[in-house]
Amino acid sequence: MTHCIDFFEKQFQEQTARGDFALNPFEEAVLPHLSGGVLDLGCGLGNLAIAAARKGCAVSALDGSRTAVDRVNEAANRLGLPLAAYQVDLSAYAIDGDYDGIVAIGLLMFFPKARAHALLDDIVRHVKPGGIAALNVLTEGTSFVGALEPGNHYLFGENELSEPFKGWEILLSRHDAFPAPENTVKKFHTVVARRLA
Ligand SMILES: C[S@@+](CC[C@H](N)C(=O)[O-])C[C@H]1O[C@@H](n2cnc3c(N)ncnc32)[C@H](O)[C@@H]1O
C-alpha cells in the first residue's frame with residue numbers, strides 16, 4: 034500500500050465510523066455536469082459516484098482503498114444503484130473503454146509528474162465526443178504535506194491542468210485555497226471541460 038492510500042484508508046475508516054459522507058465542494062461543483070456512463074478515478078468514499086448513480090448515471094468507480102471500495106459497493110447494493118467499485122492501483126492502470134464523463138478529483142497529484150500526465154492524457158483520450166472530463170489537483174504553493182509522499186507526488190502549475198483541453202468547451206475552471214493544519218495551505222485547480230461533439 035502506498036503512503037497516500039494508507040493515509041486515506043485511515044481517514045475513510047474514521048469518516049465511515051462517524052457516518053460522514055458529505056460531498057466536498059469539488060464534487061458539488063462537478064455533479065451537475067455528469068450524465069450517461071461515468072468513470073470515477075480515485076472515487077474515495079464514493080459520495081460523488083453514489084450521487085451520480087442516484088441521478089441515473091451508470092458509474093464505474095476505482096480506488097486503491099479497500100474501505101472506500103467496500104463502502105461504495107455496500108451503498109450501491111443497498112440502494113439498487115447502477116454503480117460498481119473496484120480496488121485498483123491507479124499508478125499502473127490503463128483506462129478501458131470510452132465514457133460520457135471521466136472524473137478524477139484529488140488524484141493526479143499523488144503520482145510523479147510523468148505518471149500524472151500519462152493518466153491525464155489517458156483520460157483525455159477516453160472521453161466520448163460531447164462528454165466531459167472533470168478534474169481537480171493540488172497546485173504549486175501548497176504547503177500541506179499530509180498525504181503527499183516525498184518523491185512520489187506532483188504539484189501542478191497554476192493553469193497546467195487546462196492545457197490538454199485546448200479546443201474543448203471549458204465549463205468550469207476554478208482556483209481555490211484552503212487553510213490546512215499547522216498554518217499550511219492547500220491550493221487547488223478544478224477543471225470541467227466538454228469535448229466538442
Ligand atoms: C483526496 S482523495 C479524493 C477522493 C474523492 N475523489 C473525493 O473527492 O473525496 C484521493 C483518493 O485517491 C486514492 N488514491 C491515491 N493514490 C491511488 C492509487 N495509486 N491507486 C488508487 N487510488 C489511489 C485514495 O485512496 C483516495 O481515495
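Note that our numbering numbers the sequence shown so that position 33 is 66, with each residue one more than the last.
Glycine included, every Cβ here is placed at the ideal spot set by N, Cα and C.
Please read these numbers as outputs of a predicted model, since none were measured by experiment.
(message) Looking at ligand 1, does it come within less than 6 Å of residue 37, judged from the CB to the closest heavy atom?
(response) Between ligand 1 and residue 37, a heavy atom-to-CB distance of less than 6 Å is present.
(request) Following the continuous beta strand (DSSP E) through residue 73, name the residue where it begins and the one where it ends. (result) Run containing residue 73: 70-74, per the beta strand (DSSP E) assignment.
(request) Look at residue 170 and residue 152 and say whether their C-beta atoms are less than 7 Å apart. (result) It is not a contact, given that the beta carbons lie outside the stated cut-off.
(request) Check each candidate in 87, 184, 139, 55 and name the one with the smallest Cα separation from residue 67. (result) Considering only alpha carbons, the answer is 87.
(request) Note down, in chain order, each residue of its chain lying with its Cβ closer than 6 Å to the Cβ of residue 40, except the 5 sequence neighbours on either side. (result) These residues qualify, in order along the chain: 180.
(message) Going by the DSSP bridge assignment, what does residue 169 pair with across the sheet?
(response) Note: residue 169 sits in a beta bridge opposite 138, 223.
(request) Assign residue 203 to one of three DSSP states: helix, strand, or coil. (result) The DSSP-derived three-state label of residue 203 is strand.
(message) So for residue 213, helix, strand or coil by DSSP?
(response) DSSP, read as helix, strand or coil, puts residue 213 in strand.
(request) Under 6 Å Cβ to Cβ from residue 189, same chain only, skipping five residues before and after it: list those, please. (result) Cβ within range, chain order: 170, 172.
(request) Using DSSP bridges, identify the partner residues of residue 120. (result) Beta-bridge annotation (DSSP): residue 120 is paired with 96.
(message) At a cut-off of 6 Å, would you count residue 96 as near ligand 1, judging by its Cβ distance to the nearest heavy atom?
(response) Yes, Cβ of residue 96 sits closer than 6 Å to a heavy atom of ligand 1.
(message) Taking 6 Å as the cut-off, is the C-beta of residue 234 nearer than that to any heavy atom in ligand 1?
(response) One cannot answer for residue 234 here, as it falls past the ends of the chain, which runs 34 to 230.
(message) Please tell me whether, using a cut-off of 6 Å, the distance from the CB of residue 124 to the nearest non-hydrogen atom of ligand 1 is below it.
(response) Residue 124 Cβ: within cutoff of ligand 1.
(message) Using only CA atoms, which one of 158, 165, 197, 109 lies nearest to residue 69?
(response) For residue 69, the closest C-alpha among the options 158, 165, 197, 109 is that of 165.
(request) Consult DSSP for residue 160 and reduce its assignment to one of helix, strand or coil. (result) Per DSSP, reduced to three states, the secondary structure at residue 160 is strand.
(message) Using a 10 Å radius around the Cβ and a threshold of 16 neighbouring Cβ atoms, would you call residue 203 buried or exposed?
(response) Residue environment analysis places residue 203 among the exposed positions, since fewer than 16 neighbouring C-beta atoms fall within 10 angstroms of its C-beta.
(request) Consider the C-beta atom of residue 166 and the heavy atoms of ligand 1; say whether any pair is separated by less than 6 Å. (result) With a cutoff of 6 Å, residue 166 does not count as near ligand 1, since its C-beta is closer than that to no heavy atom of the ligand.
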